[in-house]
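Just so you know, the sequence shown maps onto residues 719 to 1001 in my numbering.
Everything on this sheet refers to the single structure shown next.
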Amino acid sequence: MRIFDPHIHMTSRTTDDYAAMAAAGVVAVVEPAFWLGQPRTGPGSFADYFDSLVGWEPYRASQFGVRHHATIALNPKEANDPRCRPVLELVPRYLAKDGVVAVGEIGYDSMTADEDDAFTRQLAMAVEFGLPALVHTPHRDKARGTARSLDVVAESGIPREHVVIDHLNEVTVKAVKDAGCWAGFSIYPDTKMSPPRMVEILKEFGLDRMLVNSAADWGKSDPLLTVRTAEAMLAAGFTEDDVDRVLWRNPAEFYGRSGRLDLTDLKPADGTYEGSSILRGGS
719 MRIFDPHIHM TSRTTDDYAA MAAAGVVAVV EPAFWLGQPR TGPGSFADYF DSLVGWEPYR
779 ASQFGVRHHA TIALNPKEAN DPRCRPVLEL VPRYLAKDGV VAVGEIGYDS MTADEDDAFT
839 RQLAMAVEFG LPALVHTPHR DKARGTARSL DVVAESGIPR EHVVIDHLNE VTVKAVKDAG
899 CWAGFSIYPD TKMSPPRMVE ILKEFGLDRM LVNSAADWGK SDPLLTVRTA EAMLAAGFTE
959 DDVDRVLWRN PAEFYGRSGR LDLTDLKPAD GTYEGSSILR GGS
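Written as structure tokens, this is what we have:
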């Protein structure tokens, strides 16, 4: 089994997590820039964080045979802090870097005017750099936040197939699929989605344009929930090819649109496959 986790915050995880992930077949990840929990006080803090995402973290992952890419953005929560908003001038410098495969996380936390502005400006950056966009939907009032996100995406001019609307649930998935965007689901203990719920969504809505991630961060989370979802899919009658499509080929296709994705020469600990079928820049 090969697994590509398209949204996981490895900055928050230990080296033991990397080892366990690699042993279970999670050998490729995308780490989106996000809120670290402690409020940041200015652009310099973000510069250090972004440098870590494109420098140190890929090196750390490589020690365990895991391929690491990143997405860069001013996250929605901190878009409301006037001390952080100058980061919008810093983001383009990092969007030009090879290991950056999307703009994200962008979108909404509380659906404020400042979040509107940051969202719109960063979607324009995605268009300018020819990158996909990773959109965070709010934890509160998710249905309204998802609808508003889709409206902003439609107004931006970015191709719908270059956008994933993430942290979806049973209430919001249909609107995203109907809009032509990719649908992202975070498998997370106690909140968001569980493997059984994810299986039911896949049964109802199919496998096309579906991304499943662990979103593992500093909260109560589990970087192996992609593996648990794969197991739940198999137990429910999905084939191994279905699992490979959802948990490998789909994220490779989406982030491959960046032209910067490199998944060559990857294999899990048991060496059961060659990862060179997805070439650098391929989709």
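Just so it is clear, CB atoms sit at the ideal spot from N, CA and C, and this is done for glycine as well.
So, are the CB atoms of Leu929 and Val891 less than 8 Å apart?
The residue labelled residue 929 in the question sits at position 211 within the sequence shown. The residue labelled residue 891 in the question sits at position 173 within the sequence shown. No; because the gap between Cβ atoms is not below 8 Å, this pair is not in contact.
Sequence-distant residues of the same chain with beta carbon closer than 7 Å to Asp960, five excluded per side
Position 242 of the sequence shown, counting from 1, holds the residue named residue 960. Within the same chain, Asp960 has close Cβ partners Leu925 and Met951.
Here's the rule I'm using: 16 or more other beta-carbon atoms within 10 Å means buried, otherwise exposed. How should Pro724 be labelled?
Within the sequence shown, numbered from 1, the residue matching residue 724 stands at position 6. Under this definition Pro724 is a buried residue.
Mapping DSSP to helix, strand and coil, what is Gly993?
As a position in the sequence shown, residue 993 is number 275, starting the count at 1. Note that Gly993 scores a pLDDT of 40, beneath 50, so its modelled location is shaky; the value from the coordinates is reported in the next line. Of the three classes helix, strand and coil, the one that applies to Gly993 here is helix, per DSSP.
If distances are taken between C-alpha atoms only, which option among Tyr826, Lys815, Gly898 and Val964 comes closest to Ala872?
On the sequence shown, position 154 is the one that residue 872 refers to. It is Gly898 whose Cα lies nearest to the Cα of Ala872.
Within the same chain, show all residues whose beta-carbon is closer than 7 Å to that of Asp816, passing over the 5 residues directly before and after it, in chain order.
As a working note, residue 816 is residue 98 in the sequence shown. Closer than 7 Å at the Cβ level, and outside the excluded window around Asp816, lie Arg978.
Give the straight-line distance between the Cα atoms of Asp735 and Asp896, rounded to the nearest whole angstrom.
Taking the first residue of the sequence shown as 1, we reach residue 735 at position 17. Taking the first residue of the sequence shown as 1, we reach residue 896 at position 178. Approximately 36 Å between the Cα atoms of the pair.
On the CB-based measure, 16 or more other CB atoms within 10 Å of its CB, does Gly974 come out buried or exposed?
Residue numbering aside, residue 974 sits at position 256 when the sequence shown is read from its first letter. It counts as buried.
Which residue marks the beginning of the beta strand (DSSP E) containing Pro750, and which one marks its end?
Working through the sequence shown from its first residue, we reach residue 750 at position 32. Unbroken beta strand (DSSP E) run through Pro750: Val744 to Pro750.
Could you tell me how far apart the beta carbons of Ala779 and Val747 are, in whole angstroms, since I believe they sit closer than 8 Å?
In the sequence shown, counting from the first residue as 1, residue 779 sits at position 61. In the sequence shown, counting from the first residue as 1, residue 747 sits at position 29. Between Val747 and Ala779 the Cβ distance is about 7 Å, and since that is below 8 Å, they are a contact.
Let's see if you can read the secondary structure: which residues bound the alpha helix (DSSP H) around Gly863?
Along the sequence shown, one-based indexing puts residue 863 at 145. Lys860 to Ser874 is the extent of the alpha helix (DSSP H) around Gly863.
Would you list the one or two residues that DSSP bridges to Gly825?
What you label residue 825 is simply residue 107 of the sequence shown in a count that begins at 1. According to DSSP, which records beta bridges pairwise, Gly825 is partnered with His854.
Could you pull out every unbroken beta strand (DSSP E) segment of at least 3 residues lying fully inside the stretch 916-1001, listed in chain order?
928-931
In the DSSP assignment, find the unbroken alpha helix (DSSP H) run with Arg839 in it and report its ends.
Here residue 839 corresponds to residue number 121 of the sequence shown, with the count starting at 1. Its alpha helix (DSSP H) spans residues Ala831 to Phe847.
Meets three-Cβ-pair contact criterion under 8 Å: the stretch 823-832 and the stretch 943-957
no
Nonlocal neighbours in the same chain, by C-beta distance under 6 Å from Ala797, ignoring five residues either side:
For the purposes of this step, residue 797 is taken as residue 79 along the sequence shown, with counting starting at 1. Cβ neighbours of Ala797 beyond the five flanking positions: Asp832, Glu833 and Ala836.
Is it the case that the Cβ atoms of Ile721 and Ala948 are separated by a distance below 8 Å?
One-based indexing of the sequence shown puts residue 721 at position 3. One-based indexing of the sequence shown puts residue 948 at position 230. Cβ atoms of Ile721 and Ala948: closer than 8 Å.
How big is the Cα-Cα spacing for Arg803 and Glu958?
Walking along the sequence shown from the start, residue 803 turns up at place 85. Walking along the sequence shown from the start, residue 958 turns up at place 240. Going from the Cα of Arg803 to the Cα of Glu958 covers about 45 Å.
Reduced DSSP secondary structure (H/G/I, E/B, other) of His725:
Translated into positions along the sequence shown, residue 725 becomes position 7. Reduced to three states, the DSSP call for His725 is coil.
Could you please give the first and the last residue of the uninterrupted beta strand (DSSP E) stretch that includes Ser904?
The residue you call residue 904 lines up with position 186 of the sequence shown. Where Ser904 is concerned, the enclosing beta strand (DSSP E) stretches over Trp900 to Ser904.
Is His880 helix, strand or coil by DSSP?
For the purposes of this step, residue 880 is taken as the residue at position 162 of the sequence shown. DSSP places His880 in helix when its eight states are reduced to three.
Local conformation of Ala738 per DSSP, three classes
As a first step, residue 738 is located in the sequence shown; it is residue number 20 there, counting from the start. DSSP places Ala738 in helix when its eight states are reduced to three.
Under 8 Å, do His727 and Phe752 count as touching if we go by C-beta distance?
Indexing the sequence shown from 1 puts residue 727 at position 9. Indexing the sequence shown from 1 puts residue 752 at position 34. Going by C-beta atoms, His727 is nearer than 8 Å to Phe752.
Val894 and Thr864 - do their beta-carbons sit closer together than 8 Å?
As a working note, residue 864 is residue 146 in the sequence shown. As a working note, residue 894 is residue 176 in the sequence shown. In this structure, Val894 lies closer than 8 Å to Thr864 by Cβ.
Straight-line Cα distance separating Val964 from Ser1001:
Start at 1 with the first residue of the sequence shown, and residue 1001 comes out as number 283. Start at 1 with the first residue of the sequence shown, and residue 964 comes out as number 246. For Ser1001, the predicted structure reports a pLDDT of 31, less than 50, and the residue's modelled location is therefore unreliable. The matter cannot be settled from this model.
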